[in-house]
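In full-length UniProt numbering, the protein residues as written are 1 to 384.
The C-beta atom is built at its ideal place from N, Cα and C for all residues, glycine as well.
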Amino acid sequence: MTGIDIDKILELAPSPAYVVDLDRLRHNLAILDEVQRRSGAKILMAMKAFSMWSVFPIIRETLHGVCASSPWEARLGREEFGREVHSFAAAFKESDVVELLSISNHLVFNSFNQLERFRPLWERERGRVSVGLRVNPEHSEGHTPIYDPCAPASRLGIPRAEFEGRSLAGVEGLHFHTLCEQLFEPLERTARAFEEKFGEFLPRMKWLNLGGGHHITREGYDIDGLVELVTYFREKYDLEVYLEPGEAIAIGTGILVGEVLDVVHNELDIAILDVSATCHMPDTLEMPYRPDIEGGFAPDEKAHTYRLGGPSCLAGDIIGDWSFDRPLHAGDRLAFLDMAHYTMVKTTTFNGIQHPAICTFEPQTGELRVVRSFGYADFKSRLS
């Protein structure tokens with residue numbers, strides 16, 4: 001999170017609040033633009049990771065479009081991003097396909113069953129909507145099974161054996177998505193496995209989508225290797241190559257501001273915050289994932305150790321244990337780092353807990369803008 005004025009944000013922001021630093025966003029986009037210019041790839045923004053549409057005007061200056069996992073995401077991408085929309089889901093209803101065909105540039109199916117079931121619909125749109133298939137290279141690079149699309153018995157992607165005896169009439173592209181928060185080397189190994197299994201089909205394709213999970217903007221990512229890999233597929237098979245990272249757009253751009261509500265003691269000191277693991281950062285429970293905190297250290301590394309928990313009734317609403325140089329008191333502010341991606345898109349209003357405001361910070365002017373705040377009406381409108 002180098003370069004973000006945490007102290008200024010903590011001073012200006014409401015609590016709880018997600019705050020995205022616009023300079024850090026531009027920094028990431030400059031790296032992605034370099035990849036596009038050098039490799040010829042088209043990079044899309046994966047909305048499942050980051051759908052803060054108030055900053056789409058900045059992102060669309062660089063990226064070619066969005067990838068969507070549902071009609072609602074696709075519609076938001078069409079309305080607010082305004083460039084290409086690529087849509088995929090594990091399975092579609094007929095009504096989904098009808099809607100997606102009206103707003104998508106690419107539509108990717110997850111099985112031959114769905115490809116053929118909806119053929120009468122998508123064939124009418126040939127030339128306007130390009131249809132593809134998601135494949136499963138059956139090469140696992142994931143460390144956490146819940147996030148590994150190539151885990152045994154995965155429902156995501158078509159294995160090579162399923163291609164035997166199947167028609168590819170009208171199919172113009174292949175798509176694989178196998179990575180999660182990874183650097184270049186896992187992609188390189190996966191691409192070799194993919195080409196070995198599916199390379200025979202590429203000469204008849206118009207495009208190849210290498211999916212997401214690429215931490216392209218993370219320090220240490222092999223940009224040269226990625227450029228070389230994309231160039232290889234483009235030149236060997238005369239293909240358009242797409243990448244659709246979500247996190248890479250938002251890595252290091254945002255913080256979650258929280259406030260200490262109370263400190264209690266039960267075998268250890270426990271600070272109860274106005275931010276919740278289950279409501280506001282569910283990956284800390286699902287992954288599990290431990291976010292960094294500005295001024296926070298490993299337990300017992302500093303003089304004062306606390307377990308940080310949320311205000312909900314869930315007994316396991318625990319963010320984790322950290323130590324600090326100074327004691328925590330009610331009213332103290334904490335900044336959870338790198339909390340732009342897979343946070344806002346996964347929040348809930350469980351227990352009616354206050355949803356964090358959504359803010360931007362412009363370092364060039366020092367302005368913190370509350371883009372959206374949430375109230376009781378937002379909570380009530382989700383129920384009936």
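Residue(s) in a DSSP beta bridge with residue i
{"i": "Lys42", "result": "Tyr242"}
{"i": "Thr305", "result": "Ser323"}
{"i": "Arg372", "result": "Ile358"}
{"i": "Gly127", "result": "According to DSSP, which records beta bridges pairwise, Gly127 is partnered with nothing at all."}
{"i": "Glu367", "result": "Glu362"}
{"i": "Phe118", "result": "Answer by DSSP bridge pairing: none, since Phe118 is not bridged."}
{"i": "Val19", "result": "Ile255, Cys359"}
{"i": "Ala335", "result": "Val257"}
{"i": "Ile318", "result": "Gly309"}
{"i": "Ile293", "result": "Phe336"}
{"i": "Gly132", "result": "Val108, Gly173"}
Any non-hydrogen atom of the ligand FMN closer than 7 Å to residue i Cβ
{"i": "Asp238", "result": "You won't find the ligand FMN in this model; it holds no ligand whatsoever."}
Supposed contact pair residue j and residue i - C-beta distance, whole angstroms, cut 8 Å
{"i": "Asn105", "j": "Ser130", "result": "7 Å"}
{"i": "Gly157", "j": "Asn209", "result": "Contact doesn't hold; Cβ gap of about 12 Å is too wide."}
{"i": "Pro16", "j": "Val275", "result": "5 Å"}
{"i": "His215", "j": "Ile249", "result": "His215 to Ile249, Cβ: 11 Å. No contact."}
{"i": "Gly90", "j": "Arg155", "result": "The displayed chain sequence assigns Ala, not Gly, to residue 90. With a Cβ gap of about 6 Å, Ala90 and Arg155 count as contacting."}
{"i": "Leu308", "j": "Ala271", "result": "5 Å"}
{"i": "Cys87", "j": "Leu100", "result": "At residue 87 the sequence reads Ser, which differs from the Cys that was named. Yes, Ser87 and Leu100 are in contact; Cβ-Cβ is about 5 Å, under 8 Å."}
{"i": "Ala49", "j": "Val370", "result": "Actually they are not in contact, since the Cβ atoms of Ala49 and Val370 sit about 23 Å apart, beyond 8 Å."}
{"i": "Asp262", "j": "Ala330", "result": "6 Å"}
{"i": "Leu63", "j": "Leu76", "result": "So it is not a contact: roughly 15 Å between Cβ atoms."}
{"i": "Arg128", "j": "Leu168", "result": "Actually they are not in contact, since the Cβ atoms of Arg128 and Leu168 sit about 19 Å apart, beyond 8 Å."}
{"i": "Glu94", "j": "Phe109", "result": "Contact flag wrong, Cβ pair sits at about 13 Å."}
{"i": "Thr253", "j": "Leu107", "result": "Not really, about 30 Å apart at Cβ, beyond 8 Å."}
{"i": "Glu294", "j": "Leu337", "result": "6 Å"}
{"i": "Val35", "j": "Leu226", "result": "6 Å"}
{"i": "Leu328", "j": "Val260", "result": "5 Å"}
{"i": "Pro363", "j": "Asp5", "result": "6 Å"}
{"i": "Gly296", "j": "Phe324", "result": "6 Å"}
{"i": "Arg372", "j": "Thr349", "result": "Contact flag wrong, Cβ pair sits at about 14 Å."}
Proximity winner among the options, relative to residue i (alpha-carbon distances)
{"i": "Ser206", "options": "Tyr242, Glu367, Cys67", "result": "Looking at the sequence provided, one finds Lys at residue 206 rather than Ser. Considering only alpha carbons, the answer is Tyr242."}
{"i": "Glu11", "options": "Ile146, Glu228, Gly258, Val135", "result": "Gly258"}
{"i": "Tyr18", "options": "Ile353, Lys302, Ile255, Pro327", "result": "Ile255"}
{"i": "Ala193", "options": "Leu25, Glu34, Asn351, Cys150", "result": "Cys150"}
{"i": "Ala46", "options": "Ser111, Gly213, Pro120", "result": "Gly213"}
{"i": "Lys302", "options": "Gly142, Arg124, Trp322", "result": "Trp322"}
{"i": "Leu121", "options": "Pro137, Asn136, Val97, Val108", "result": "Val97"}
{"i": "Glu162", "options": "Gly142, Arg134, Asp148, Pro186", "result": "Arg134"}
{"i": "Tyr306", "options": "Thr347, Ala277, Gly40, Arg326", "result": "Arg326"}
{"i": "Ala13", "options": "Phe361, Gly375, Phe233, Lys380", "result": "Phe361"}
{"i": "Arg60", "options": "Asp33, Arg75, Gly40", "result": "Asp33"}
{"i": "Glu244", "options": "Phe92, Val85, Glu125", "result": "Val85"}
{"i": "Tyr342", "options": "Phe374, Cys279, Gly295", "result": "Cys279"}
{"i": "Pro186", "options": "Gly199, Gly165, Asp148", "result": "Asp148"}
{"i": "Tyr289", "options": "Gly320, Leu268, Pro299, Trp72", "result": "Gly320"}
{"i": "Ala357", "options": "Thr347, Ile293, Pro363", "result": "Thr347"}
{"i": "Asp317", "options": "Met339, Met281, Ala298, Arg382", "result": "Met281"}
{"i": "Ala68", "options": "Thr253, Leu202, Ile103, Glu200", "result": "Ile103"}
{"i": "Gly211", "options": "Glu73, Pro363, Pro137", "result": "Pro137"}
{"i": "Ile58", "options": "Arg38, Ala41, Asp21, Lys42", "result": "Asp21"}
{"i": "Leu239", "options": "Ile223, Asp269, Leu202", "result": "Leu202"}
{"i": "Gly246", "options": "Met339, Pro363, Leu115", "result": "Met339"}
{"i": "Tyr237", "options": "Glu200, Asp222, Leu268", "result": "Glu200"}
{"i": "residue 390", "options": "Ile223, Leu268, Glu267", "result": "The chain is shown from 1 up to 384; residue 390 falls before or after that span and cannot be answered."}
{"i": "Leu268", "options": "Thr349, His304, Phe198", "result": "His304"}
C-beta neighbour in chain D for residue i, strict 8 Å
{"i": "Ser39", "result": "Here chain D cannot be found, since the structure has a single protein chain."}
Segments of 3+ residues assigned as beta strand (DSSP E) that fall wholly inside the stretch 40 to 113: 42 to 46, 65 to 68, 84 to 88, 106 to 109
Touching by the beta-carbon criterion (3+ pairs, under 8 Å), the stretch 78 to 92 and the stretch 49 to 65: Yes, the stretch 78 to 92 is in contact with the stretch 49 to 65.
Unbroken stretches of the alpha helix (DSSP H), 4 residues or longer, contained in the stretch 189 to 274: 223 to 237, 247 to 250
Beta strand (DSSP E) segments (min. 3 residues) lying fully within the stretch 134 to 188: Runs of the beta strand (DSSP E) inside the stretch 134 to 188: 171 to 175.
Sufficient close CB pairs (3 or more, under 8 Å) joining the stretch 171 to 178 to the stretch 19 to 32: Judged by Cβ distances under 8 Å, the stretch 171 to 178 makes no contact with the stretch 19 to 32, as fewer than three pairs qualify.
Given 8 Å, three or more beta-carbon pairs between the stretch 351 to 363 and the stretch 308 to 318: Contact holds: three or more Cβ-Cβ distances are below 8 Å.
Inter-stretch contact (C-beta, 8 Å, three-pair minimum) for the stretch 214 to 229 and the stretch 177 to 194: yes
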